[in-house]
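Residue numbers (our numbering): 67 to 315. Just so it is clear, CB atoms sit at the ideal spot from N, CA and C, and this is done for glycine as well.
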C-alpha cells in the first residue's frame with residue numbers, strides 16, 4: 067500500500083475522465099475512495115475497477131450544482147467513515163455552443179453552477195470536519211484556462227475555471243492555520259469526453275499527443291502524498307506538444 071493508507075478521499079466528478087483517474091490513483095496509494103457524480107452506472111464501473119485492482123471504493127450519486135445533494139453525500143460519508151481527509155473537486159462541464167453569441171442565461175447558469183458553485187458546495191461540506199481535526203487536503207481540478215484563458219474555452223468556462231483558482235488560494239489564506247491545504251491543478255488539453263464536446267474536437271492524430279486522464283491522476287496522487295507540512299499551491303501541467311503554443315508559432 068502507499069502513503070494514503072487509512073485516509074478517506076471523496077472525488078466529485080469521479081465517474082469519468084480526470085476524476086476517475088484520480089480515484090484510481092488515490093486508491094492505489096491506499097486511500098478508501100468515494101466517487102461521486104450524476105451517472106450511477108459510470109460510478110459503479112469506476113468502483114468495480116478499483117476493487118478489482120485490490121483497492122477499496124464506494125459510489126455516491128450527487129449533483130454538485132445542488133447544495134443539499136452535496137451536503138447529504140458528505141454527511142453520509144462522514145457518518146459511515148468517520149471523516150473526509152481528502153476532497154478532490156473534479157466535477158466540470160462545458161458546452162458546444164459556448165461563445166458570447168451562443169450562450170443563453172440558462173446555459174451560463176449551468177456552467178457556473180457546476181464548475182464554480184459545485185466546487186464551493188463540496189468544500190463547504192468538508193471544512194467543518196477538517197477544521198475540527200486540524201488537518202485536511204482539498205484538490206481542485208481547474209484547467210489551463212484557469213491561468214491562460216483561451217478563446218476556445220468560452221466566457222463561462224474561462225470565468226469559472228479562473229474563479230476556482232482564486233477559491234483555492236482564498237482557502238489557503240483563511241485555513242492554513244487550521245492545518246488545511248488546498249491545491250489547484252490546471253491541466254492543459256486532456257483526451258477526455260469533455261474535449262470531444264468542443265465545437266471542433268481535435269482530430270485523432272492530435273488527440274494522441276494530448277495528456278491522458280491518468281497523467282493528471284498521478285499528479286493528484288503526488289499532491290496527496292506530500293506531508294502535511296507541504297502545500298502545493300498550484301500545478302500547471304500540459305502536453306509537451308502544446309496546441310496553444312503550436313498555434314502561436
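Kindly indicate which residue of the options has the alpha-carbon position closest to the one of residue i.
i, options, result
"residue 283", "155, 71 and 199", "155"
"residue 266", "161, 239 and 100", "161"
"residue 81", "70, 114 and 309", "114"
"residue 224", "231, 300, 212 and 235", "212"
"residue 120", "93, 152 and 252", "93"
"residue 136", "146, 103 and 311", "103"
The beta strand (DSSP E) that contains residue i, what's its start and end?
i, result
"residue 303", "300 to 303"
"residue 116", "It is not in any beta strand (DSSP E) - residue 116 instead sits in the alpha helix (DSSP H) that spans 106 to 118."
"residue 167", "Element bounds for residue 167: n/a, residue is neither H nor E."
Checking the sheet assignment: what are the DSSP bridge partners for residue i?
i, result
"residue 205", "154 and 249"
"residue 277", "256"
"residue 122", "98"
"residue 127", "103"
Helix, strand or coil: how does DSSP classify residue i here?
i, result
"residue 296", "coil"
"residue 67", "Note that residue 67 scores a pLDDT of 49, beneath 50, so its modelled location is shaky; the value from the coordinates is reported in the next line. Note: residue 67 maps to coil in three-state DSSP."
"residue 289", "helix"
"residue 159", "coil"
"residue 103", "strand"
"residue 200", "coil"
"residue 311", "helix"
"residue 176", "helix"
"residue 232", "helix"
Over what stretch of residues does the alpha helix (DSSP H) that includes residue i continue unbroken?
i, result
"residue 182", "Taken as a continuous stretch (DSSP letters only), residue 182 belongs to no alpha helix (DSSP H), as it is neither H nor E."
"residue 263", "Residue 263 -> no alpha helix (DSSP H), and no H or E assigned at all."
"residue 141", "133 to 147"
Less than 9 Å between CB atoms is the rule here; does residue i satisfy it with respect to chain C?
i, result
"residue 262", "In summary, chain C is missing from the structure at hand, where a single protein chain is found."
Beta strand (DSSP E) runs contained entirely in the segment 72 to 98, provided each spans 3 or more residues | Within the segment 72 to 98, the complete beta strand (DSSP E) runs of at least 3 residues are 74 to 78.
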